[in-house]
Amino acid sequence: MKIQEKPKKKTKVIVLVVLGQFLLIGAILFFVYLSAPRLEAPLNGAVIREDFVQFKFSGAEMILVDDNEDFSSPKMLNVSDLSSIGIGMKPGKYYWKAVGNVESFTRSFVIDSNVGLELNKNESKLKNVGNVETNVTKEYQGTLGGLVILDVGVEYNVNMTNETIYRGEQNG
Amino acid sequence: MDKKFILFLIVFMSMSLMVPSVCALGVTPGRNTLDFSPNLEREFTASILNTESKAFSVVLSVEGDLASYVSVSEDKINFLADEKSKNIVYSLKLPKGLSPGLHKADIAITDVPSGSLGSGVSITTTVSVITQLYVYVPYPGKYLEGRGDIVNKGTSAVFYIPVISRGEEKIDEAYCTIGIYNGETKLGTVESNRISIEKGERKELNAEWIGEPGKYKAVISLIYDGKIETIEKEFNLGLENVDVLGVSVNEFKLGDVAKIKILVQNKESGEITSAEASMKIYGSDTNEKVADIKSEKYNIPAKSNKELNMYWDTEKVDLGQYGSNLKINYEDKFIEKNLKIDVKEDSMTFTGVGFVVASGTGGKMSLVTILVIVIGFLVLVNLVWLIWWMRKKKSGKK
Chain S
1050 MKIQEKPKKK
1060 TKVIVLVVLG
1070 QFLLIGAILF
1080 FVYLSAPRLE
1090 APLNGAVIRE
1100 DFVQFKFSGA
1110 EMILVDDNED
1120 FSSPKMLNVS
1130 DLSSIGIGMK
1140 PGKYYWKAVG
1150 NVESFTRSFV
1160 IDSNVGLELN
1170 KNESKLKNVG
1180 NVETNVTKEY
1190 QGTLGGLVIL
1200 DVGVEYNVNM
1210 TNETIYRGEQ
1220 NG
Chain P
1279 MDKKFILFLI
1289 VFMSMSLMVP
1299 SVCALGVTPG
1309 RNTLDFSPNL
1319 EREFTASILN
1329 TESKAFSVVL
1339 SVEGDLASYV
1349 SVSEDKINFL
1359 ADEKSKNIVY
1369 SLKLPKGLSP
1379 GLHKADIAIT
1389 DVPSGSLGSG
1399 VSITTTVSVI
1409 TQLYVYVPYP
1419 GKYLEGRGDI
1429 VNKGTSAVFY
1439 IPVISRGEEK
1449 IDEAYCTIGI
1459 YNGETKLGTV
1469 ESNRISIEKG
1479 ERKELNAEWI
1489 GEPGKYKAVI
1499 SLIYDGKIET
1509 IEKEFNLGLE
1519 NVDVLGVSVN
1529 EFKLGDVAKI
1539 KILVQNKESG
1549 EITSAEASMK
1559 IYGSDTNEKV
1569 ADIKSEKYNI
1579 PAKSNKELNM
1589 YWDTEKVDLG
1599 QYGSNLKINY
1609 EDKFIEKNLK
1619 IDVKEDSMTF
1629 TGVGFVVASG
1639 TGGKMSLVTI
1649 LVIVIGFLVL
1659 VNLVWLIWWM
1669 RKKKSGKK
């Protein structure tokens, strides 16, 4: 009878130890989860069509944003006492995380490029009204030729000629 | 009298119709990029933007070496004045194989001036915007593509060289040496960190050079597993020549037109002509644009400050905080500032918001790191416990 009781006791101890470890992991993770900053917006994988991003979070001291997943050259926003911050950004894919007591998980979002061209009433000025550097070509009587590379918001004087199409495409 | 009035009305309306309008068109995204996969079939969506809120038509066409693999859902789209955007869908059906490198399709969206379709009248001057489709086919062996981004930090230049492995094989070691030139004179060389890059992976090399203010040329030699690619880029070192000293609004009451004063400093020894301020204002809860305002064009005399004024109608504006992006355009250049706007019943205040280049994360651990440490610690404790238990068992047997 005594010989059977010993292994039973040992098994009980092992089960208790394993359970205790699970509980410990759970408690630590729960504590870390509670103290980690929360990321609300932009959502993971969000596609943003404005070149302005509104970051929403809680429990963060700073926000780190990078176009590399490994955050090798991050840009930082100090956000102590804030729960949201808006900032103008160039088109591209970005990764972001918040730093508080610990670092949060990483999320990514994309700012879509927008190619926009405006020809004024007198057909004398072209303007890049998009959010990316735009390569403008001129199509005249079936012939296509490079004209100018326009930075965002920049105007360019053109000569008024009929049957001309000014074509804009994302540069680079 | 009535007949005269009607005649005047007809003439006025005819003249109004003859006045040329602004021709503006936008498309987003400007580019979709994907890696080649044999027989891949995929649909893409792009939005055509009616930036001038007018009724117009566009025609669509596809060009480029991938044109025969792309089909567009519609070839003509009509916009009503109140339609801000319309989506187009285009589908791609790739062949079994393509030659290595970049392959493109351009989906051109062309504004059609009224009266130029179907009436035999030729197209007058117009604009066209393109949404591009880029398909990358891997090169045989090792191939690294890089570009040079240079950040002027006043007394130093920081080089960020994003690199993408576009070959079929992994790159074991990649780094770059950067030669700094003033004219033909070489001033020095800096070297970046060394990294390995998997097939299709994007990573970044970086280096820093400290120097005097001035205009320089960087010759970036990208070295990877015995191959060298060279990129040349000019850059400026030193402080910006134009700066925003302050943004303010005086005597404001919510509902009024707010006069926003931007104090701009010209640090150059020559006059700046046609400086223009523009500001996009966004809601604090959404990315929705609330206002898009701009100033007149101003000349700023050498080594002096000038106030650039903009007006924001706050009749439909609520109390609260707003985000904004301020841009000062001058002589083909621009500077940008991000500002937080706090709108109260009788005041409007602006606070600067901006990114700084971070050198680290303050030594804070990530959730994953903590999880790894906890699990590692428990594995270690269990191992120690197991070894102790086995030894005890062995000694018990003896």
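Protein chains in written order, with my numbering: chain S, 1050 to 1221; chain P, 1279 to 1676.
Ideal Cβ positions, reconstructed from N, Cα and C, are used throughout, including at glycine.
query = Do proline 1391 of chain P and tyrosine 1417 of chain P have their C-beta atoms closer together than 8 Å?
reply = Here residue 1391 of chain P refers to the residue found at position 113 of the second sequence. Here residue 1417 of chain P refers to the residue found at position 139 of the second sequence. Not closer than 8 Å, so no.
request  = Grab the span of the beta strand (DSSP E) containing lysine 1364 of chain P for me, first residue to last.
outcome  = Numbered from its first residue, the second sequence carries residue 1364 of chain P at position 86. First-last of the beta strand (DSSP E) with lysine 1364 of chain P: 1363-1371.
message = Measuring only the C-alpha atoms, how far is isoleucine 1385 of chain P from valine 1178 of chain S?
response = Taking the first residue of the second sequence as position 1, residue 1385 of chain P is located at position 107. Taking the first residue of the first sequence as position 1, residue 1178 of chain S is located at position 129. About 19 Å.
inquiry  = For chain P, check one thing: does any of its Cβ atoms lie closer than 8 Å to the Cβ of tyrosine 1143 of chain S?
reply    = The residue labelled residue 1143 of chain S in the question sits at position 94 within the first sequence. Taking a beta-carbon distance threshold of 8 Å, tyrosine 1143 of chain S does not count as an interface residue toward chain P.
message = Suppose contacts are defined by Cβ-Cβ distances below 8 Å. Is isoleucine 1506 of chain P in contact with glutamate 1549 of chain P by that definition?
response = Reading the second sequence from its first residue, position 228 is the one you call residue 1506 of chain P. Reading the second sequence from its first residue, position 271 is the one you call residue 1549 of chain P. Contact: no.
query = Tell me which same chain residues have a C-beta within less than 7 Å of the C-beta of aspartate 1116 of chain S, skipping the five on either side of it?
reply = Counting from one through the first sequence, the residue named residue 1116 of chain S turns up at place 67. Answer for aspartate 1116 of chain S: Gly1141, Lys1142, Tyr1143, listed in chain order.
key: Length of the line joining the Cα atoms of phenylalanine 1120 of chain S and threonine 1155 of chain S   = For the purposes of this step, residue 1120 of chain S is taken as residue 71 along the first sequence, with counting starting at 1. For the purposes of this step, residue 1155 of chain S is taken as residue 106 along the first sequence, with counting starting at 1. Cα to Cα, phenylalanine 1120 of chain S sits roughly 10 Å from threonine 1155 of chain S.
key: Rounded distance between the beta-carbons of valine 1128 of chain S and alanine 1109 of chain S, thought under 8 Å   = Walking along the first sequence from the start, residue 1109 of chain S turns up at place 60. Walking along the first sequence from the start, residue 1128 of chain S turns up at place 79. Going by Cβ atoms, the distance from alanine 1109 of chain S to valine 1128 of chain S rounds to 5 Å, so yes, they are a contact pair.
query = Are proline 1307 of chain P and tyrosine 1347 of chain P closer than 8 Å when you measure CB to CB?
reply = As a working note, residue 1307 of chain P is residue 29 in the second sequence. As a working note, residue 1347 of chain P is residue 69 in the second sequence. No, Cβ-Cβ distance for proline 1307 of chain P and tyrosine 1347 of chain P is not below 8 Å.
ask   = So is leucine 1649 of chain P in contact with chain S if we call contact Cβ pairs under 8 Å?
value = Position 371 of the second sequence, counted from the first residue, corresponds to residue 1649 of chain P. It does; some Cβ of chain S falls within 8 Å.
ask   = Which two residues bound the contiguous beta strand (DSSP E) that contains glutamine 1543 of chain P?
value = For this step, residue 1543 of chain P is matched to residue 265 along the second sequence. 1535-1544 is the span of the beta strand (DSSP E), which, as asked, contains glutamine 1543 of chain P.
request  = Could you tell me the distance, in whole angstroms, from the CA atom of arginine 1480 of chain P to the CA atom of aspartate 1313 of chain P?
outcome  = Against the second sequence, residue 1480 of chain P aligns to sequence position 202. Against the second sequence, residue 1313 of chain P aligns to sequence position 35. Those two C-alpha atoms are separated by around 13 Å.
ask   = Cβ atoms of valine 1631 of chain P and asparagine 1681 of chain P: under 8 Å apart, would you say?
value = With chain P covering only 1279 through 1676, there is no way to say anything about residue 1681 of chain P.
query = Thinking just about the alpha-carbon of each residue, which of P:Ile1648, P:Lys1537, P:Lys1575, P:Lys1539 is nearest to the one in serine 1552 of chain P?
reply = Here residue 1552 of chain P is taken as the residue at index 274 of the second sequence, counted from 1. Nearest option by C-alpha distance: P:Lys1575.
query = Just the Cα atoms here: how many angstroms apart are alanine 1076 of chain S and glycine 1149 of chain S?
reply = What you label residue 1076 of chain S is simply residue 27 of the first sequence in a count that begins at 1. What you label residue 1149 of chain S is simply residue 100 of the first sequence in a count that begins at 1. Between the alpha carbons of alanine 1076 of chain S and glycine 1149 of chain S lies a distance of about 19 Å.
query = At a Cβ threshold of 8 Å, is serine 1470 of chain P touching chain S?
reply = Within the second sequence, the letter at position 192 stands for residue 1470 of chain P. With 8 Å as the cut-off, serine 1470 of chain P does not count as an interface residue toward chain S.
ask   = What are the residues that DSSP puts in a beta bridge with isoleucine 1313 of chain P?
value = Here residue 1313 of chain P corresponds to residue number 35 of the second sequence, with the count starting at 1. The amino acid occupying residue 1313 of chain P in the given sequence is aspartate; isoleucine does not appear at that position. For aspartate 1313 of chain P, DSSP records a beta bridge to P:Tyr1414.
inquiry  = Would cysteine 1301 of chain P pass as an interface residue toward chain S - the criterion being a Cβ-Cβ separation below 8 Å?
reply    = Working through the second sequence from its first residue, we reach residue 1301 of chain P at position 23. At a cut-off of 8 Å between beta carbons, cysteine 1301 of chain P contacts chain S.
inquiry  = Quick check: glycine 1202 of chain S and leucine 1166 of chain S, are their CB atoms within less than 8 Å of each other?
reply    = As a working note, residue 1202 of chain S is residue 153 in the first sequence. As a working note, residue 1166 of chain S is residue 117 in the first sequence. No, Cβ-Cβ distance for glycine 1202 of chain S and leucine 1166 of chain S is not below 8 Å.
inquiry  = Using C-beta distances below 6 Å, list every residue in its chain close to lysine 1495 of chain P, excluding the 5 sequence neighbours before and after it, in chain order.
reply    = Residue 1495 of chain P sits at position 217 when you count from the first residue of the second sequence. Answer for lysine 1495 of chain P: Tyr1459, Glu1512, listed in chain order.
query = Secondary structure at tyrosine 1421 of chain P, three-state DSSP: helix, strand or coil?
reply = The count along the second sequence starts at 1 and reaches residue 1421 of chain P at position 143. Reduced to three states, the DSSP call for tyrosine 1421 of chain P is coil.
ask   = Would glutamine 1543 of chain P count as contacting chain A if we go by Cβ distances under 8 Å?
value = Given the protein chain composition of this structure (S and P), no chain A is represented.
request  = State the DSSP-derived secondary structure class of serine 1122 of chain S, mapped to helix, strand or coil.
outcome  = Reading the first sequence from its first residue, position 73 is the one you call residue 1122 of chain S. If DSSP states are grouped into helix, strand and coil, serine 1122 of chain S belongs with coil.
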